[in-house]
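Taken in order, these protein sequences are the chains called A and B. Here the first sequence is numbered in this note's numbering, starting from 1 and rising by one per residue. Here the second sequence is numbered in this note's numbering, starting from 1001 and rising by one per residue. Here's the structure, in structure tokens; my notes come after.
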Amino acid sequence: MFELTAFIHTFAIIAPVGLTALGSSYGGGIASKSALLSIDQQPKAKDFIVRTLLIGLALIETSTIIGLLVTFYIMKQTSSIQNIYQAIATLGASLAIALPGMVVAYSSARALRQTTPAIARQPFFARKIINLMILTQSLIQTPVIFGFILSMIILGNVHLVTTSGQAFGFLASGLCLGIGVMGPTYGLGTFAGSVCQSVGKARHAYSKLLTFSLVGGAVIETPNIFALVVSVLIAHLSKTPATGLLASVVFISAGLCTGLGTIGAGVTSGMIAAKTANKIADDIEQYGAYSRMCMLAQGLVDTNALYTLIVSLVILSK
Amino acid sequence: MESSINYDINLFKYWNIDNPFLLINGEIVLMTWIVLGIMLVTLLIARHFLSKRKGIGRYAVMQIVKMFMDTSTQSIGRFNFNHCTFIGTIFLYIAYCNLSALIPYVIEPTTNLNTTLAIGLISFAYIQLNAIKVHGFFGYLSDFFKPFFLMLPLNIIGEVATVASISFRLFGNIFGGATINDIYMSAIGGSWLYESVAMFAGINLIMAGFFTIFEGMLQALVFTILSLTYLTIAIQTDDGQEQSECLS
């Protein structure tokens, strides 16, 4: 194997497990610290807090386990890598799981971090708070599943890669999903933490906040779906051999356009929803007005991500 | 895990249809039937305990059933026999599938994507049918046009993503755990020294305990709670919300 090819392929092997382990260990650390502080605050709720911490940490570890799985898959393909283009395409598959996994692990730890103080405040309401935490964490973890599916698609098509256009197409596809889900996932982490904290403040708002977390989470996750659409489209277009430097430039620019465009929309949309969840906990009577206002603001923010999606689609259709 | 024998069954061989999409994985079907057989045996034992007047077995069975009833009642807000049995069935089936790796020569059916996707689709269909039953057909359709009508394709993709996310989460976790256990077994295998140290120091127990028992039960719980929450949201009406608040 040529040296640069070996270098790129080795980086592709270590990236999924390394970056996801980084995110989940840092997140697990801050969540455990918060759990210890909550036990200090309310020692009688110790059993519930420890159980919540165990469930939450196991959920955070999901992204590391899936990253490890992709690492094994890429390691198995080592002998079948023939040229540098296939190594670059493999790097795309590895980045598609590594970057989302890192941010997802950190963001789902932010939900767990606010859940344990909420249980310390409301020990008799612990079971419903745990349910809410599992729901919000699973909403956050959707990008890891997207990344896993995309990695499998790319790894299944690596043997077709013969030109530079295809190689950079698969790399752009992985980068688009990897960068594109970072912002919305971070926003979802802010939102989930705020929802769990609000239930700790006002438990009567539970059923309203449950509905609101599903609806608000779906709107925050809309940019994720834009990124997924563009990356799957790029991966589909890269299956047929494209010649020339122009093809790779087109793929990279289309991927980065949507990938970078969703960051701001996701982060701010999450901040809006987080503030709204706090307000709902303060004043449950005004739920309708708050949620309608939040929907409107989030819709307007998401429109900006929609423009980047349109531009990417226009670039790719040429 | 890696076997050279081909277990695929083609039901359409007679008509010369050779599509990989239509192949049936014979090994996983066999494992599923083994798991179903174990479930049947346990259910018969539970029935035997229930037929007695008293005893610790009867108490244990009643507690487990009561746990499912409490979980579904607390989440939905009122007791519904169909929802309770649905939740119990899904939890028990996934838990039995995940724990079946403790039996020698049996691999978990949940390490195959087809099984988890099937469970996800069953849960999805049950939720959508109940939503149609509660809201009516047109009320159900109008939910797709909220917040505004441009969101229709995104709402549909969101529903499909729900199925994909719950099935792939179960598959990824169980398959990842099984892969790690396989690599661990192949690492210590072949040397009697390593094997005896791993057995007597309790490392085997820790690996099986974490990756099979803890992870398997946790993923079954997560799948059940997520299905129950999606069901609660789907069949929620305005007066239903008040009821669940009163219970809390």
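Each residue gets a CB set at the ideal place from its N, CA and C atoms; glycine is no exception. Note that the structure is predicted; figures quoted are calculated from it, not measured.
Using only alpha-carbon positions, find the residue among the options that is nearest to residue i.
i: Ala1118 (chain B); options: B:His1048, B:Gly1158 and B:Ile1028; result: B:Ile1028
i: Glu1215 (chain B); options: B:Phe1175, B:Thr1237 and B:Leu1231; result: B:Phe1175
i: Ile97 (chain A); options: A:Lys46, A:Tyr287 and A:Met182; result: A:Met182
i: Gln137 (chain A); options: A:Tyr287, A:Leu59, A:Met152 and A:Ser291; result: A:Leu59
i: Phe1149 (chain B); options: A:Gln77, A:Gly299 and A:Pro241; result: A:Gly299
i: Ala31 (chain A); options: A:Ala45, A:Thr20, A:Gly56 and A:Pro43; result: A:Gly56
i: Ala281 (chain A); options: A:Ile315, A:Pro43, A:Ser24 and A:Ser198; result: A:Ser198
i: Val1163 (chain B); options: A:Thr142, A:Leu296 and A:Gly156; result: A:Thr142
i: Arg113 (chain A); options: A:Lys76, A:Val50, A:Tyr287 and A:Leu68; result: A:Val50
i: Asp47 (chain A); options: A:Leu228, A:Val103, A:Arg127 and A:Asn83; result: A:Arg127
i: Gly18 (chain A); options: A:Pro100, A:Ile88, A:Gln42 and A:Gln41; result: A:Pro100
i: Pro123 (chain A); options: A:Lys44, A:Ser291 and A:Leu69; result: A:Lys44
i: Phe1099 (chain B); options: B:Ile1024, B:Phe1021 and B:Phe1211; result: For clarity, residue 1099 (chain B) is Leu in the given sequence; the question names Phe instead. Nearest C-alpha to Leu1099 (chain B): B:Phe1211.
i: Leu1121 (chain B); options: B:Pro1109, B:Thr1111 and B:Glu1159; result: B:Glu1159
i: Leu209 (chain A); options: A:Leu135, A:Gly169, A:Pro241 and A:Val230; result: A:Leu135
i: Ser1227 (chain B); options: B:Ala1161, B:Ile1166 and B:Phe1021; result: B:Ile1166
i: Lys318 (chain A); options: A:Ser34, A:Val250 and A:Gly266; result: A:Val250
i: Ile119 (chain A); options: A:Gly174, A:Ser38 and A:Leu69; result: A:Ser38
Run through chain B and tell me which residues come within less than 8 Å of residue i, C-beta to C-beta.
i: Ser138 (chain A); result: Ser1165, Ile1166, Arg1169, Val1222 and Leu1226
i: Ser69 (chain A); result: Here residue 69 (chain A) is Leu; the residue named in the question, Ser, does not match the sequence. The contacting residues are Gly1172, Phe1175, Gly1176 and Thr1179.
Which chain B residues sit within Cβ distance under 7 Å of residue i?
i: Thr142 (chain A); result: Ala1161 and Ser1165
i: Phe148 (chain A); result: Phe1168 and Gly1172
i: Phe72 (chain A); result: Thr1179
For residue i, return the contacting residues in chain A, with the cut-off set at a CB-CB distance below 7 Å.
i: Asp1229 (chain B); result: The sequence shown places Thr at residue 1229 (chain B), rather than the Asp named in the question. Residues of chain A passing the Cβ test: Asn131 and Leu135.
i: Leu1154 (chain B); result: Thr222 and Ile225
Under three-state DSSP, which class holds residue i?
i: Ile1107 (chain B); result: coil
i: Asn131 (chain A); result: helix
i: Asn157 (chain A); result: coil
i: Ile315 (chain A); result: helix
i: Asn1173 (chain B); result: helix
i: Asn1025 (chain B); result: strand
i: Phe11 (chain A); result: helix
i: Ile1017 (chain B); result: coil
i: Ile1213 (chain B); result: helix
i: Ile1090 (chain B); result: helix
i: Ile1009 (chain B); result: strand
i: Asn1181 (chain B); result: helix
i: Arg203 (chain A); result: helix
i: Asn304 (chain A); result: helix
i: Val103 (chain A); result: helix
i: Asn224 (chain A); result: helix
i: Arg113 (chain A); result: helix
i: Met1233 (chain B); result: One point to set straight first is that residue 1233 (chain B) is Ile, not Met, in the sequence displayed. Looking at Ile1233 (chain B) - three-state DSSP - the assignment turns out to be helix.
i: Ala1201 (chain B); result: coil
i: Asn1082 (chain B); result: helix
i: Gln141 (chain A); result: coil
i: Asp1047 (chain B); result: The displayed chain sequence assigns Arg, not Asp, to residue 1047 (chain B). Arg1047 (chain B) falls in the helix class under three-state DSSP.
i: Gly1190 (chain B); result: coil
i: Thr211 (chain A); result: helix
i: Thr185 (chain A); result: helix
i: Arg121 (chain A); result: helix
i: Ser1244 (chain B); result: Only weak support exists for where Ser1244 (chain B) lies, its pLDDT of 47 falling under 50; the coordinates are left without a value.
i: Met1001 (chain B); result: Low per-residue confidence applies at Met1001 (chain B): pLDDT is 44, beneath 50, and the placement is therefore not dependable, though the value from the model is reported in the following sentence. Of the three classes helix, strand and coil, the one that applies to Met1001 (chain B) here is coil, per DSSP.
i: Lys33 (chain A); result: helix
i: Lys1066 (chain B); result: helix
i: Arg1058 (chain B); result: helix
i: Gly180 (chain A); result: helix
i: Thr136 (chain A); result: helix
i: Thr162 (chain A); result: coil
i: Gly27 (chain A); result: helix
i: Gly92 (chain A); result: helix
i: Phe191 (chain A); result: helix
i: Gly169 (chain A); result: helix
Against residue i, what residues of chain A qualify as contacts under a CB-to-CB distance less than 8 Å, listed in chain order?
i: Glu1215 (chain B); result: Ala58
Could you name the residues of chain A that residue i contacts, counting a contact when the two beta carbons are closer than 9 Å?
i: Gly1158 (chain B); result: Ala218, Glu221, Thr222 and Ile225
i: Leu1218 (chain B); result: Leu54, Ile55, Ala58 and Leu59
i: Leu1023 (chain B); result: None at all; the shortest Cβ gap to chain A is about 17 Å.
Could one say the Cβ of residue i lies closer than 8 Å to chain C's Cβ atoms, at least one of them?
i: Gln1236 (chain B); result: The structure shown has no chain C; the protein chains it does contain are A and B.
Would the beta-carbon of residue i be found less than 7 Å away from any heavy atom of the ligand MG?
i: Ile81 (chain A); result: The ligand MG is absent from the structure shown, which contains no ligand whatsoever.
What residues of chain B sit near residue i, judged by a beta carbon separation below 9 Å?
i: Phe251 (chain A); result: None at all; the shortest Cβ gap to chain B is about 23 Å.
i: Leu214 (chain A); result: Thr1229, Tyr1230 and Ile1233
> In chain order, which continuous runs of the beta strand (DSSP E) of length 3 or greater are located wholly inside the segment 1095-1158 of chain B?
Replying inline: none
>> Give the list of continuous alpha helix (DSSP H) stretches no shorter than 4 residues that lie fully inside the segment 233-298 of chain A.
In response: 245-282
> What residues in the segment 1172-1205 of chain B bring their beta carbon closer than 9 Å to a beta carbon of chain A?
Replying inline: Gly1172, Asn1173, Phe1175, Gly1176, Gly1177, Thr1179, Ile1180 and Ile1183
>> Extract the residue ranges of the beta strand (DSSP E) inside the segment 41-89 of chain A, only unbroken runs of 3 or more that lie entirely within it.
In response: none
> If contact means a Cβ-Cβ distance below 9 Å, which residues of the segment 1-15 of chain A contact chain B?
Replying inline: none
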